[in-house]
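In what follows, a single structure is set out as structure tokens and then discussed.
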Amino acid sequence: MNAAELKRERVRPLIRVDARDPAVVTEALVRALNGGGPAVLPTAGAVPVSPSRNSDESLGLVPSDVVLVIETSGSTAEPKRVMLSAAALRASAAATYARFDELFSDGQPADPTRQWLLTLPASYVAGAQVLMRSILADTEPVVLGDEHFTAEGFARAASELTADRRYVSLVPAQLARLLDAADSEAGTGDVAQAVARFDAILVGGQSLPSALRSRAKALGWNLATSYGSSETSGGSLYNGEPLDGVKVRIRAGEVQLTGPVLASGYLGDPIRTAASFIEEGGERWYRTSDGGRLELDEGTGRERLVVTGRLDNVIVSGGEKVLLDRVEGIVRQLRGLEGAVVVAAPSEKWGQVPALVVESAAWGPNKGQSGAPAAQSSRNDPTEQGIHDDKSGAVLVDARELTADVRWAEVRAATAGAGRAARPAVLVLVSRIPHLASGKPDRRALERMVRTLT
């Protein structure tokens, strides 16, 4: 074999496939896993077809062991194309089932059938992993077909599951909708019963507010929080504990992971790959850019990872560093504000300050004036003094205009322990917080919106 032939043996083509049809993605992924097909890049949109051939668009070549490429959401940074090998995907899927059996199984039946409900886009690593786990289980997932996630649509789709064990992967916003629907049914209706039938409910994509976890636990739902990223083939720690083969360490406050689930690197970006994946002592570690710590769980005697937020999602306000993820995590513990987002807002005095973005409906009909007389509510309504953006409908209100707002007082009290600079200085009310296809808030869009209002 000459050098050119040897080089061809070590690469394979990469094609786009339309992620809107999970069956097409699954078929392409099976071909890639079997070694007879190109690597797959699921795309949330129509796939352009070359006029010279009736096939998916070719994107060049990738290493021969790569079967899946995931384009990251870019919620806080530029998108990256993450290359995942067959071995990494299989290791992740197998470890998921092993952990589910440990957490939720009663041992019966001995060799269960397993089936997933797909509620997330196949272009997102959590959605693609549902397809991968389904391939490993040799079952077909039920696909939630509604364009927008609804509790009623979820219950209908869940009723189509027939396997011994039933699983679903959600983001916190989806879980919140299911909980709200279950609450309206007093926990005994179709939605509550549909969710209760799942053997495991994975919740990831962002941190899960403790209030949502407590509500789900009260209903008897089998929740497992998932921590990971595209670079780790999706979730690599469940409930803060590493999956089989995965190890976690903290270096200079940063969470770093190693194990068979790690990605091969970033397509076409060797510099970023070298910065994010480092070799030490014969092991390859992924630098997550997340802050965290390891704590001993007194119940199990094992260490659990506690993630404190993105190390790169930091502002300097009046000379003090503020971790916006930490502030957001505190606010999200307040009932009704589980979907709140904290972003940076420019300030002439402090440089930057935390801005709290909340959907108007979540703030309440009186914008925090619980029980206030109508005249007083109108007089103290923050939207009356706020800055309006006619295009987006957003309203920005300075903290000085919120002194009589009960809800704002709750936020300020909750965040007081994080320090003066960390307390939100402005409130932004929006009709709906924009989200990416992954289910994560579109922070870059929110930051642009806030800048236009300040």
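Reminder that position 211 of the sequence shown reads as 211 in the UniProt record's numbering, one-by-one numbering, no gaps.
Just so you know, even glycine gets a beta-carbon here, dropped at the ideal spot from N, CA and C.
Since the structure is predicted, the reported quantities are computational estimates derived from the model, not experimental observations.
**Q.** Ser317 - DSSP class collapsed to helix/strand/coil
**A.** Shown here, Ser317 sits in a strand according to DSSP, grouped into three states.
Q: Using DSSP bridges, identify the partner residues of Phe277.
A: Per DSSP, Tyr286.
(Q) Just to confirm my understanding: we take Asp325, look at its own chain, exclude 5 residues before and 5 after, and list those with CB closer than 6 Å. What are they? (A) Gly309, Arg310 and Asn313.
**Q.** Other residues of its chain near Ser207: CB distance less than 7 Å, five sequence neighbours each side excluded
**A.** Cβ-Cβ distances below 7 Å link Ser207 to Val307 and Gly329 in the same chain, with the five nearest sequence neighbours on each side left out; the list follows chain order.
Q | Exposed unless 16 or more other CB atoms sit within 10 angstroms - verdict on Ser264 | A | Buried, because 16 or more other Cβ atoms sit within 10 Å of the Cβ of Ser264.
Q) Do the segment 156-170 and the segment 404-417 meet, that is, are 3 or more Cβ pairs less than 8 Å apart? A) Judged by Cβ distances under 8 Å, the segment 156-170 makes no contact with the segment 404-417, as fewer than three pairs qualify.
**Q.** DSSP-derived helix/strand/coil call for Arg90
**A.** Of the three classes helix, strand and coil, the one that applies to Arg90 here is helix, per DSSP.
**Q.** Same chain only: Cβ atoms within 8 Å of Gly245, ignoring 5 sequence neighbours per side
**A.** Taken in chain order, the residues that qualify are Ala91, Ala95, Gly259, Pro260 and Val261.
Q: Provide the residue span of the beta strand (DSSP E) that contains Pro13, from first to last.
A: Val11 to Asp18 is the extent of the beta strand (DSSP E) around Pro13.
Q.
Please give me, in chain order, every unbroken run of the beta strand (DSSP E) with length at least 3 that falls completely inside the segment 200-239.
A. Entirely contained in the segment 200-239, the beta strand (DSSP E) runs reaching 3 residues are, in chain order, 200-203, 223-229 and 234-238.
**Q.** Counted within 10 angstroms of its Cβ, other Cβ atoms place Lys321 as buried (16 or more) or exposed
**A.** By the 10 Å Cβ count, Lys321 comes out exposed.
**Q.** Same chain, Cβ closer than 6 Å to Ser134, five either side skipped, listed in chain order
**A.** Excluding five sequence positions before and after Ser134, the CB atoms of its chain that fall closer than 6 Å to its own CB belong to Trp116 and Pro141, given in chain order.
Q) How is the beta strand (DSSP E) around residue 472 delimited, first residue to last? A) With the chain covering 1 to 454 only, the question about residue 472 has no answer from this structure.
Q) Who are the near neighbours of Ala44 in its chain, counting only those whose CB is closer than 6 Å to its CB and skipping five residues on each side? A) Cβ within range, chain order: Ala19, Pro121, Ser123 and Ala437.
Q) Taking all protein chains shown into account, do 16 or more other C-beta atoms lie within 10 angstroms of the C-beta of Ile250, making it buried, or fewer, making it exposed? A) So Ile250 counts as exposed.
Q) Among Val358, Arg400, Ala151 and Glu231, which has the Cα closest to the Cα of Arg332? A) Checking every option, the nearest Cα to that of Arg332 belongs to Val358.
**Q.** C-alpha distance - Arg423 paired with Pro434, whole-angstrom precision
**A.** One C-alpha to the other measures close to 23 Å.
Q. How is Gln352 classed by DSSP in three states: helix, strand or coil?
A. Here Gln352 carries a strand assignment [DSSP, helix/strand/coil].
Q. Near Val323, what residues of its chain come up, given a Cβ to Cβ distance below 6 Å and the 5 sequence neighbours on each side ignored?
A. Note on identity: in this sequence residue 323 is Leu, with Val being the wrong assignment. Gly309 and Val314, listed in sequence order.
**Q.** Boundaries (first-last residue) of the alpha helix (DSSP H) holding Glu447
**A.** For Glu447, the enclosing alpha helix (DSSP H) begins and ends at Arg443 to Leu453.
Q.
Taking the straight line between their C-alpha atoms, what separation do you get for Leu305 and Ser210?
A. Rounded to the nearest whole angstrom, the CA to CA distance from Leu305 to Ser210 is 15 Å.
Q: Starting from the N-terminal side, write out each stretch of the beta strand (DSSP E) that is 3 residues or longer and does not extend beyond the segment 88-164.
A: Whole beta strand (DSSP E) segments, 3+ residues: 114-118.
Q) Roughly how far, in whole angstroms, is the beta-carbon of Ala399 from the beta-carbon of Val426, given that I think they are within contact range, below 8 Å? A) Contact between Ala399 and Val426 is confirmed by a C-beta separation of about 6 Å, below the 8 Å threshold.
**Q.** Helix, strand or coil at Pro424 [DSSP, three-state]
**A.** DSSP places Pro424 in the coil class of the three-state scheme, outside both helix and strand.
Q. Leaving out the 5 sequence neighbours to the left and right, which residues in its chain are closer than 7 Å to Ser317 when beta-carbon positions are compared?
A. Shown here for Ser317: same chain residues with a beta carbon closer than 7 Å to its own, the five before and five after excluded, namely Trp350, Gly351, Gln352, Val353 and Ala421 in chain order.
Q.
For Asp190, report the span of its alpha helix (DSSP H) as first-last.
A. Asp190 -> alpha helix (DSSP H) spans Asp190 to Ala196.
Q) What first and last residue would you give for the alpha helix (DSSP H) that runs through Ile179? A) Before going further, note that residue 179 is Leu rather than Ile in the sequence given. It spans Pro172 to Ser184 - the alpha helix (DSSP H) in which Leu179 sits, taken as one unbroken run.
Q: Consult DSSP for Asp325 and reduce its assignment to one of helix, strand or coil.
A: Three-state DSSP puts Asp325 in a helix.
Q) In three-state DSSP terms, what is Leu402? A) Judged by DSSP in its simplified three-state form, Leu402 adopts coil rather than helix or strand.
Q: Check the DSSP bridge columns for Ser169 and list the partner residues they point to.
A: For Ser169, which the question treats as bridged, DSSP gives the partners Leu202.
Q. With distances taken between CB atoms, is the gap from Val62 to Leu267 smaller than 8 Å?
A. Yes, Cβ-Cβ distance for Val62 and Leu267 is below 8 Å.
**Q.** Same chain only: Cβ atoms within 7 Å of Leu296, ignoring 5 sequence neighbours per side
**A.** Counting only residues of its own chain and dropping the five nearest sequence neighbours on each side, Leu296 has a CB closer than 7 Å to the CB of Glu303.
Q: Return yes when the Cβ of Asp164 is within less than 8 Å of the Cβ of Thr113, no when it is not.
A: Taking C-beta atoms as the reference points, Thr113 and Asp164 count as a pair closer than 8 Å.
Q.
Going by the DSSP bridge assignment, what does Glu295 pair with across the sheet?
A. Under the DSSP definition of a beta bridge, Glu295 partners with Arg304.
Q) Given a threshold of 16 other Cβ atoms within 10 Å of its Cβ, counted over all protein chains shown, does Gly36 qualify as buried or as exposed? A) Gly36 is exposed by the Cβ-count criterion.
Q. Among residues of its own chain, excluding the 5 on either side of Arg335, which ones have a beta-carbon nearer than 6 Å to its beta-carbon?
A. Only Ala211 meet the Cβ criterion.
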